[in-house]
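Reading the sequence shown from the start, the letters are residues 1 to 151 in full-length UniProt numbering.
C-beta: ideal position from N, C-alpha, C; glycine also.
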Amino acid sequence: MSTDHASRLSRGDELEFRTVRTGMVFVLMFCVGFAVIGQCLVGGGQGLLRMLGVALLAFFGAVGIPVAVWRLIRPALELRVSGTRGVWLRDEGSAWIGWQEIAAVERDEVASRPAVTLRLTSGETRTLSPTIAASPTELFDLLATEHARRA
1 MSTDHASRLS
11 RGDELEFRTV
21 RTGMVFVLMF
31 CVGFAVIGQC
41 LVGGGQGLLR
51 MLGVALLAFF
61 GAVGIPVAVW
71 RLIRPALELR
81 VSGTRGVWLR
91 DEGSAWIGWQ
101 EIAAVERDEV
111 ASRPAVTLRL
121 TSGETRTLSP
131 TIAASPTELF
141 DLLATEHARR
151 A
């Protein structure tokens, strides 16, 4: 765990981890590509091809591109860590998982990629999203250290 994370948590700050932006760049390129194809079909197509071009432009150009740009500018919040409140996961909605509810912090694998799993006292598990813009090693060190201090 970096000393910056430790000092921020000891001051009572919350750490926020957002989604990585790399995947959204590919989504944006995909949307731009299909919008260009749609533009070509509108300009040179007849009948059904022109209608397909309009549909491609409407979906990928008018909806897909702005959403992808927005997600690049403001990636989704995936994880919050608080020294006092515990861990907040996007999948859990607005509920915090308190440190006393976490039985263990474990290293795991999801689709052959390293991940971090929270084993809860109720027997359930919560695996952190692999799209978080922090390495699983960094997250494991942070959560395991805080869990040892707070639980």
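Output yes or no for whether 8 Å exceeds the beta carbon distance between E101 and T121. Residue mapping note: residue 101 aligns to position 101 of the sequence shown, counting from 1. Residue mapping note: residue 121 aligns to position 121 of the sequence shown, counting from 1. A distance below 8 Å separates the beta carbons of E101 and T121.
Between the beta-carbon of E109 and the beta-carbon of L9, is there less than 8 Å? For the purposes of this step, residue 109 is taken as residue 109 along the sequence shown, with counting starting at 1. For the purposes of this step, residue 9 is taken as residue 9 along the sequence shown, with counting starting at 1. No, the Cβ-Cβ distance between E109 and L9 is not below 8 Å.
Cα-Cα, which of S82, G98, V32 and V20 is closest to G74? In the sequence shown, the residue the question calls residue 74 occupies position 74. A quick correction: the sequence has Arg, not Gly, at residue 74. Distances from the CA of R74 to each of S82, G98, V32 and V20 were compared; the closest alpha carbon is that of V20.
Reducing DSSP to helix, strand and coil, say where residue 153 ends up. No answer is possible for residue 153: the residues shown for the chain start at 1 and end at 151.
Mark V116 as exposed unless 16 or more other C-beta atoms lie within 10 angstroms of its C-beta, in which case mark it buried. The count along the sequence shown starts at 1 and reaches residue 116 at position 116. In summary, V116 is buried, with 16 or more beta-carbon neighbours lying within 10 Å of its beta-carbon over all protein chains present.
How about the stretch 48 to 58 and the stretch 31 to 39: do they share at least three Cβ pairs that are nearer than 8 Å? When Cβ pairs closer than 8 Å are counted between the two stretches, the stretch 48 to 58 is seen to touch the stretch 31 to 39, the count reaching three or more.
Round the Cβ separation of R80 and E14 to the nearest angstrom and send it over; I've been treating them as touching at under 8 Å. Numbered from 1 along the sequence shown, position 80 holds the residue referred to as residue 80. Numbered from 1 along the sequence shown, position 14 holds the residue referred to as residue 14. Their Cβ separation, rounded to whole angstroms, is 5 Å, which keeps R80 and E14 in contact under 8 Å.
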